[in-house]
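Visitor: Supplied in structure tokens, the structure appears directly below.
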Amino acid sequence: MIKTTSPKTRFTLFVVFGWILLILGDRVGDFKLYQGSFVATYALAITSIILLTGYSGQLSLGQSALMAVGAYAGALTIFNAGLHPIIGLFMATLVAGIFGLILGLIVARLSGPYLAGTTLALAISLPTLANQFPILGAEEGIVFDVGLPPARFGEDFSQYKWFFWISCLATLIMVWFVANLVSSKYGRTFRAMRDNPVAAQLSGINVGRLKVMAFAISSGVAGLSGGLLVMLISGVSPSAFPLSLSFSILTGAVITGLYSLNGVILGGLVLVAIPEIADSLVSRIGGSEGFITTLPGFLVSALLILAVVFTPNGPGHLIKRHHKK
Amino acid sequence: MTQFITAVLTSLSSGAIYALMALALVLVWRSTRVINFAQAGQAVLTTYIGYTVIQRTGSYWLALVVAVISGAIIGAVIDRFFMRPIFKRIKSGPIVMIAPVVATLGLLGIIQAIIGFIWGLTNQAIESPVSTDGYKVLGKVIAFSSYNLLVLVSVAIAMLLLTILFQKTNIGLALRASAYSPEIARLSGIKVDAVRTLGWAIAGAASGLAGMLYIPGYFLFPNAMDLLLVFGFIAAVIGGLESLFGAVVGAMILGFAINFATTYVSAQLFFPTAFIALLVILLLKPGGLFGSKKVRNA
Amino acid sequence: MSLIVEGLTIDHGAIRAINNVSFKVAQGQLATIIGANGAGKTTLLRTLSGLKDAASGNASWNGASILGKRAEDLARSGIMHVSDGKSVIAELSVKDNLALTGLWRKDKKDVAAATNEVIELFPILGQRMSQSAGSLSGGERQMLAIGRALIARPKLLLLDEPSLGLAPLIVEQIFQTIKSLVKKMDLTVVLVEQNAMGALKIADQGIVLNLGSVVLVDSAEKLLNDPAVRSAYLGF
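Residue numbers (the numbering used here), protein chains in the order written: chain E, 27 to 351; chain S, 71 to 368; chain W, 10 to 245.
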């Protein structure tokens, strides 16, 4: 859907969607708003993986590290430099993007499992660096405070609604940007690169440069989502970005289609909804404590396997095939 | 001086365990072109089985044997009934490279959930069968115990057995041929599918051994082997993913780098050293130390 | 015991590589399939040896259908395919390469005897037993590949462009060897070749393929003298 529409239509769609979210925001309670913020944040993280892995074919397990970079950059900007939270989020994106650029240059020659291994190592080691440098707050981390909603929004405008607005707006803008990117000739080039790097290179595409570009942009997006994440939990610390976060995001991306941006919101929903569904399932059928705690993980994993086996190219593909018949 | 000796010995010891995991991962990679993240789950599952054996019989050694054997069986079952059907289904499209890896990720989660369900999530412990007190060398106590020695000896024996298997037996030749060129192997009459399952079984046995050697110095919980998987993977990548020898070398390099860095510089460098070691090697040789030069169709 | 191919149709992705091809090769005969690049010859061979599935049609050897079977099972039943690209495993030694086709055989004595026969046939292999196959020259690799196939005591030998990339002298050697093997071992051979002249000279029967379809089937001698064939494939 996003791919085949013209830029104007796409813009309109995003604006309309934004308005819908705005109205929704007025009607639901704080808890749902809080959850919604997480959905937006995860959707953004999933977008970064789709760009990197789905479009430019680089399997990276290090998104959690990039999110951490963005989160810390943002936190430092707000806390240490005392700048406005919006600048903090901007810095999160920028710093992570630059980090991703450098990283992309370093790993440009790697592919397949070698790239995966390197990004995996990065994901486990980067957050621990926070313990090394006191300015990064060690284990307790740094506070990330976007402040209260502006007074002019009135008294009823809760903190959670503010979170919701910020995260949705940031996500919408970024996803719109990425959607434009993948619909442009860059997107086609990415796909050519992913499907057949040799042929792409032979037709004059500078594969190396594009790979680095994809890495940089994807890192920037991940950095922003990292910033949003720590905004929601009001502080950044090493434990906020475990390796399992990378896996979760990859899971979300695969479940809803690694090769198209259409499913990112769904992906975010899935990641937030699974623990919920597990909880309600468990309260209905009861079970031991072991059952309760292990069910969410089991569901996510089972869903991941089913998705990768039955809808390897995303559920969108499945629907398309059905229509063709 | 003692610090140096201790660092060397502990490097060997941790390197040995990384080597087992790396071997398992390389075995699976060579035969199936998949990074088997579920190996962590297989390893910890067999360790839980070993734990249950200890609960019932009190014998670590029996548990060790059971763990290795069940590791082989579980590995074979996973290849035959999980991976093979997946490969049959996924034949085209860009997902071909990613799907099996993601599937193993999913399998890992399922195994860990099942473990949590059956055995619970609280930390369990497996007692070391031999003393964990450091040896006394020249009057000073060093950080190397009978337990560390057990680890080293076990891994050395395992590697010896594997080398004999691969280099001196017909089955070993079939395994190697199927890994290098499945097509030529099939045209020569080798049942490549069965051979692949055998590869998974051996990998499962190796990770089963790794688990039983690793846990006594640590705690047993569903995610206990995740870290070891990561380090095993890094070691395997350093070694080039293509050769078993490379896996061992990579593991030793990793073990030494980490141990020396944490001993002489800072304990905080545990993870960053792994990353840097990996990065340095890959920058010099993008295919790992012993990786093949030709571009393999992954 | 003959190889009977009827109405075989094979697709390669969206392309119809082989279209309704039929031919027969009697036991003990050497048939050569010639045709330009892209005629589908390799695809045909890969389907006969079980590496690829056919879309429709029949192929049988010795009365039994060979379609839809696994390559390793066909190999074990006496059908040996020496695929192109000098199909040796470069990382293994010459000795190990030769051993591959004997791994699953129960009669180890016969495997040893067959190996000795192959070394007699290609003495250069005997000299290079412990070297890696990757260090061999093109011609030596071809001999290794053929030798490995022969150790399995095949009845049907499928050869895919053995002359590719080899010096004319070596090509001559290999062709003569193949010819003599047919008689000595009562082999049935399907030889796919771009070197039409050399192939037709040693063959009994010739099958000309063009863009996936059979254009001509005749005795090799007649084809050698056929003006159309000569101008199209033999260059004069």
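Positions of the beta carbon are idealized from the N, C-alpha and C atoms, including for glycine.
D105(W) to S92(W), Cα distance in whole Å?
Guide: 18 Å
Visitor: Please determine, among S81(S), A108(S) and V335(S), the residue with the shortest C-alpha to C-alpha distance to I181(S).
Guide: A108(S)
Visitor: How many Å lie between K61(W) and T52(W) at the Cα?
Guide: 8 Å
Visitor: Nearest by alpha-carbon distance to S251(E): which of K187(E), T38(E) and A118(E) is it?
Guide: A118(E)
Visitor: Tell me, which residues are paired with E15(W) by DSSP?
Guide: Answer is N67(W).
Visitor: Roughly how many angstroms lie between the CA atoms of M152(W) and V238(W), to the nearest whole one?
Guide: 29 Å
Visitor: Given this structure, state the Cα-to-Cα distance separating A266(E) from I241(S), to the nearest angstrom.
Guide: 48 Å
Visitor: Compare the beta carbon distance of V262(S) and E81(W) with 8 Å and say whether it is the shorter of the two.
Guide: yes
Visitor: Going by beta carbon distance, what residues of the same chain come within less than 7 Å of I300(E), once the five residues before and after it are set aside?
Guide: P322, L325 and V326
Visitor: Which of the three DSSP states is assigned to S102(W) in this structure?
Guide: strand
Visitor: Mind pulling the chain E residues with CB within less than 8 Å of Q194(S)?
Guide: In chain order: nothing, as chain E lies at least about 13 Å away.
Visitor: Can you give me the Cβ contacts of A333(E) inside the same chain, cut-off strictly under 7 Å, excluding the 5 residues immediately before and after it?
Guide: V280 and I281
Visitor: Can you tell me the Cα-Cα spacing of L352(S) and I46(E), whole angstroms?
Guide: If I take the Cα positions, the gap works out to 48 Å.
Visitor: Could you confirm whether any beta carbon from chain S is found closer than 8 Å to the beta carbon of F317(E)?
Guide: yes
Visitor: Alpha carbon to alpha carbon, how far is A142(S) from P134(S)? Give it in angstroms, no decimals.
Guide: The identity of residue 134(S) in the sequence shown is Leu, whereas the question assumes Pro. Between L134(S) and A142(S), the C-alpha separation is close to 13 Å.
Visitor: Report yes or no: is there a C-beta of chain W within less than 8 Å of the C-beta of V262(S)?
Guide: yes
Visitor: Find the residues of chain S that neighbour S58(W), judging by a C-beta separation of less than 8 Å, and give them in chain order.
Guide: Result: L257.
Visitor: From the DSSP output, which residues share a beta bridge with H110(E)?
Guide: Per DSSP, none; premise fails for H110(E).
Visitor: Does the Cβ of S82(E) have 16 or more other Cβ atoms within 10 Å, making it buried, or fewer, making it exposed?
Guide: buried
Visitor: What alpha helix (DSSP H) runs, 4 residues minimum, are completely inside the segment 295–348 of chain S?
Guide: 296–309 and 314–334
Visitor: Which residue or residues does DSSP assign as beta-bridge partners of D227(W)?
Guide: G215(W)
Visitor: For A40(W), write down the residues that DSSP places opposite it in a beta bridge.
Guide: DSSP output for A40(W) lists V199(W) and Q214(W) as bridge partner(s).
Visitor: Taking one C-beta from the segment 239–253 of chain E and one from the segment 33–53 of chain E each time, how about it: are there three or more such pairs within less than 8 Å?
Guide: The answer is no - the segment 33–53 of chain E does not touch the segment 239–253 of chain E, with fewer than three Cβ pairs under 8 Å.
Visitor: Taking the DSSP output, what are the residues bridged to R25(W)?
Guide: D20(W)
Visitor: How long is the line joining the alpha carbons of L109(W) and I260(S), rounded to whole angstroms?
Guide: 8 Å
Visitor: Can you list the residues of chain W that A317(S) reaches, using a CB-CB cut of under 9 Å?
Guide: In chain order: nothing, as chain W lies at least about 16 Å away.
Visitor: Going along the chain, which residues of the segment 328–356 of chain S sit with their C-beta nearer than 9 Å to a C-beta in chain E?
Guide: S336, Q338, L339, F340, F341, P342, T343, A344, F345, I346, A347, L348, L349, L352, L353 and P356
Visitor: Determine the closest residue to A244(S) out of D203(S), L115(S), L231(S) and T267(S), with distance taken between C-alpha atoms.
Guide: T267(S)
Visitor: Say the cut is 7 Å; is the CB of L85(E) nearer than that to a heavy atom of the ligand GTP?
Guide: The ligand content of the structure shown is nil, which means the ligand GTP is not present either.
Visitor: If you compare alpha carbons, which of G51(E), M239(E) and Y60(E) is closest to I128(E)?
Guide: M239(E)
Visitor: So with Cβ pairs under 8 Å, would you call P139(E) a contact of chain S?
Guide: yes
Visitor: Using the three-state DSSP reduction, which class does V200(S) fall into: helix, strand or coil?
Guide: coil
Visitor: Between which two residues does the alpha helix (DSSP H) carrying M194(W) extend?
Guide: P177 to M194
Visitor: Return the bridge partner residues of V335(E) from the DSSP annotation.
Guide: For V335(E), which the question treats as bridged, DSSP gives no partner whatsoever.
Visitor: Can you tell me the Cα-Cα spacing of S29(S) and L290(S), whole angstroms?
Guide: With chain S covering only 71 through 368, there is no way to say anything about residue 29(S).
Visitor: Using beta-carbon positions only, say whether S102(W) and Q140(W) come within less than 8 Å of one another.
Guide: yes
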